[in-house]
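Worksheet: the structure to be examined is printed underneath.
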Amino acid sequence: ETRAGGGHPDLRAGSAFAGLAELAAEMAWDDAGMDIAERGHIPYVLVLVEALRRWRAAAGDGTAVPKNASQKAELRRLIRGLAMGGDGLNFVEAEERAHLCWMDPYDLIGYDTRELLDAPPCDKKGPPSHLDHLLVALRAFSEANGGYPPLSGAVPDMTSTTDRFVALQEVFRTKAREDFEAMRRLVPPEVPDDELATFCKNARSVRRIHARPIEEELASGGSPGPVRDELAELQYDAPEEPPAGHGKDHVPLLWMVAVRACELYQAERGVYPGGAGLDGGDAPPGPPGAAETAALAADADAVWTTYVPAALAL
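First residue of the sequence shown: -19, per the numbering used here; consecutive thereafter.
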């Protein structure tokens, strides 16, 4: 699964889809009698959509976006005007994120994904992978939708009433489902729905990682230099007290080295570490006794001092 990085939220403020535009239009923007607290809890993305709609109406162009400093300043003035004298945090959020109204959709897509989309079709032996099919579909979808990727459906936290935020989430989820269905029509049936759904959710931050099969690595004698370099980097960069569920213990490279070491142990001794003395799994229940604990500690020491170095020397 891809992992999204930072960057700008994909809120479509500059190109509002139907559900988002309709939700923004439902707000009583010109009602001077609206409670100041209620006005201060309109989600900022709706403020941006309405401010841009008014800016376009004044410009006489329903698709234009602010380009120069004066136009951008005018949009920000419209944002402040919608507050009607209030100082709600939502209007501060909207003014700080006014750039979402004129940002190029190309900038919503991460560098790694753009590199994949701009690359020529993958020229390799054998049939295309699921990722190859997904990238072809993403390229076609983006070209047909003004450069935008499929909407993930995620909405970041923002100042809002619960009811309005839930309604906002629903219009984004509905649009994300529509984009999923559009991608489904572009992808062959062998790509399962769950894989496609994960791809659509993370389409802005896809990376292709090339790795050779473990059989090829073992047959060729491995590459201890890069492995050692990576291990040294991990040891240097990892925090002394990694957060729960993270850190050194969960780095795939370390698991690969550990598994290799255990396989070397088994090849030489005919049993995996911790298996000596166990008779087909018929050991008595309960915690290990002193002898078993000592045997486990000896196996762990052997793996660390003898077989891990041997694994790295392959």
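Positions of the beta carbon are idealized from the N, C-alpha and C atoms, including for glycine.
Exercise for the section: Indicate whether the contact test is met: 3 or more Cβ pairs, each with one atom in the stretch 7 to 19 and one in the stretch 161 to 172, closer than 8 Å. Expected result: no
Exercise for the section: Mind reading off the beta-carbon distance from residue 129 to residue 183? Whole number of angstroms is fine, and I expect it under 8 Å. Expected result: 4 Å
Exercise for the section: To the nearest angstrom, report how far apart residue 252 and residue 179 are at their CA atoms. Expected result: 38 Å
Problem - For residue 155, the first and last residue of its enclosing alpha helix (DSSP H) - result: 142 to 164
Problem - 6 Å CB neighbourhood of residue 137 in its chain, flanking five on each side removed - result: none
Handout entry: CB contact flag (residue 44, residue 36, <9 Å)
Key = yes
Exercise for the section: My understanding is that residue 152 touches residue 176, with C-beta atoms under 8 Å, so please give their C-beta distance in whole angstroms. Expected result: Actually they are not in contact, since the Cβ atoms of residue 152 and residue 176 sit about 18 Å apart, beyond 8 Å.
Exercise for the section: Give a yes or no on whether the minimum CB-CB distance between residue 0 and chain C is below 9 Å. Expected result: The question asks about chain C, but that chain is absent: this structure has only one protein chain.
Practice task
Compute the Euclidean distance between the alpha carbons of residue 55 and residue 31, then round it to the nearest angstrom.
Solution key: 7 Å
Handout entry: Residues near residue 84 by beta carbon distance below 8 Å, same chain, minus five either side
Key = 127
Practice task
Note down the Cα distance separating residue 241 from residue 273, rounded to an integer number of angstroms.
Solution key: 20 Å
Handout entry: Proximity winner among 146, 246 and 38, relative to residue 133 (alpha-carbon distances)
Key = 146
Problem - Three-state secondary structure (DSSP) of residue 128 - result: coil
Exercise for the section: Return the CA-CA distance between residue 89 and residue 248, expressed in angstroms with no decimal places. Expected result: 50 Å
Problem - As assigned by DSSP and simplified to three states, the class of residue 236 - result: helix
Exercise for the section: Express the C-alpha separation of residue -2 and residue 154 in angstroms, rounding to a whole number. Expected result: 11 Å
Exercise for the section: Find the nearest neighbour of residue 189 within the set 142, 111 and 156, judged by alpha-carbon distance. Expected result: 111
Handout entry: Length of the line joining the Cα atoms of residue -17 and residue 191
Key = Bear in mind that the predicted position of residue -17 carries a pLDDT of just 42, short of 50, making it unreliable; the figure below should be weighed with that in mind. In a straight line, the C-alpha of residue -17 is about 18 Å away from that of residue 191.
Exercise for the section: Can you grab the Cα-Cα spacing for the pair residue 76 / residue 93, in whole Å? Expected result: 27 Å
Handout entry: Reduced DSSP category for residue 134 - H, G, I as helix; E, B as strand; rest coil
Key = coil
Problem - Backbone CA spacing between residue 284 and residue 269 [nearest angstrom] - result: 23 Å
Problem - Length-filtered (4 minimum) alpha helix (DSSP H) runs lying within the stretch 22 to 93 - result: 24 to 39, 49 to 62 and 69 to 76
Practice task
Report the option in 120, 113 and 91 whose CA atom is closest to the CA atom of residue 186.
Solution key: 91
Problem - Alpha-carbon spacing of residue 38 relative to residue 113, whole angstroms - result: 44 Å
Problem - Distance between residue 233 and residue 256 (C-alpha atoms, nearest Å) - result: 27 Å
Handout entry: For residue 112, three-class secondary structure by DSSP
Key = helix
Handout entry: For residue -3, three-class secondary structure by DSSP
Key = coil
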